[in-house]
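Per the working numbering: the sequence shown = residues 93 to 319. The beta carbon of each residue, even a glycine, is placed where N, CA and C say it ideally should be. Here is the structure we will look at, set down as structure tokens.
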Amino acid sequence: MNREERYEKVLAYFEKNVPIAETELQYRNPFELLVAVILSAQCTDKRVNLTTPKLFKDYPTAEALALASSDTIFTYIKSISYPNNKAKHLVGMANMLVHDFKGKIPGNVDELVKLPGVGRKTANVIASVVFNKPTMAVDTHVFRVSNRLGLTLNAKNPLQCEKQLVKFIPDSLIPRAHHWLILHGRYTCLARKPKCEICPLKEYCKYYQKNKPNHHGTKARTNKKIK
């Protein structure tokens, strides 16, 4: 199976079986999503969702958040990873939105990454989810799943992974494909112990083909290269 065929099989499975795929972060508008994604860096969506309701209630807009101190915001997000840095980023982000973007979330990745706390991954999430642009955010799940399946080859960092994925995935599917890969990595293709035995994609997966047990119960050994 070559790579084009693997993409076709994987995408066809997700289109048929997971037609609706969305972020698990809870938000009501683009500003809340931006805050939530910044908070989600190296933190679970579940923890973020437990933390944001009071923050959003007291600071519902960029204008309100811009008037807060980072010390005050820290008290709201202290259960989140790296709360000191993220509190400073949130206040700085809100100030830049107000003063440089008239309080509106920009839809361009190059503009988004200017905001404090917004890296390429976060910018791609916002551009994709809010503006439905064909941008692929690569987090640890996307990076791992893409590599294991064989969708990416020799990708050494998220940017290399992103470039390979957007080359082969149709623009119309990229916004959903981002979530497909994340959710597959979060619930099936786990980092330490992937659930290969129940994975519906295993017949297309390079990792499984290399590591599947043979009839003796040992891992298969093969010198045959899988394109």
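Would a C-beta distance cut-off of 8 Å place residue i and residue j closer than the cut-off?
{"i": "Cys135", "j": "Ser173", "result": "yes"}
{"i": "Met185", "j": "Gly211", "result": "no"}
{"i": "Ala229", "j": "Val190", "result": "no"}
{"i": "Ala219", "j": "Val201", "result": "yes"}
{"i": "Thr115", "j": "His276", "result": "no"}
{"i": "Leu117", "j": "Ala269", "result": "no"}
{"i": "Tyr119", "j": "Phe260", "result": "no"}
{"i": "Lys127", "j": "Thr144", "result": "Here the sequence assigns Val to residue 127, which means Lys is not the residue at that position. It is a contact, given that the beta carbons lie within the stated cut-off."}
{"i": "Pro267", "j": "Lys213", "result": "no"}
{"i": "Pro286", "j": "Val222", "result": "no"}
{"i": "Asn216", "j": "Thr227", "result": "yes"}
{"i": "Leu273", "j": "Tyr105", "result": "no"}
Roughly how far, in whole angstroms, is the beta-carbon of residue i from the beta-carbon of residue j, given that I think they are within contact range, below 8 Å?
{"i": "Lys291", "j": "Thr280", "result": "Reading off the sequence, residue 291 comes out as Cys, not Lys. Their Cβ separation, rounded to whole angstroms, is 5 Å, which keeps Cys291 and Thr280 in contact under 8 Å."}
{"i": "Ile165", "j": "Val183", "result": "6 Å"}
{"i": "Ile169", "j": "Leu131", "result": "6 Å"}
{"i": "Ala158", "j": "Asn187", "result": "5 Å"}
How about residue i: is its C-beta nearer than 8 Å to some C-beta of chain D?
{"i": "Gln301", "result": "Any reference to chain D falls outside this structure, which holds one protein chain only."}
Taking only runs of the alpha helix (DSSP H) that begin and end inside the segment 223-276, which ones reach a length of at least 4 residues, in chain order? Taking 4 residues as the shortest admissible run, the segment 223-276 contains the following complete alpha helix (DSSP H) segments, listed from N- to C-terminal end: 232-241, 250-260.
Is the segment 234-241 close to the segment 195-206, with three or more CB pairs under 8 Å? The way I'd put it, the segment 234-241 doesn't touch the segment 195-206; fewer than three beta-carbon pairs between them come closer than 8 Å.
Could you pull out every unbroken alpha helix (DSSP H) segment of at least 4 residues lying fully inside the segment 142-222, listed in chain order? Positions of the alpha helix (DSSP H) runs, each at least 4 residues long and wholly inside the segment 142-222, are given as 154-158, 162-169, 175-192, 201-204, 212-221 in order along the chain.
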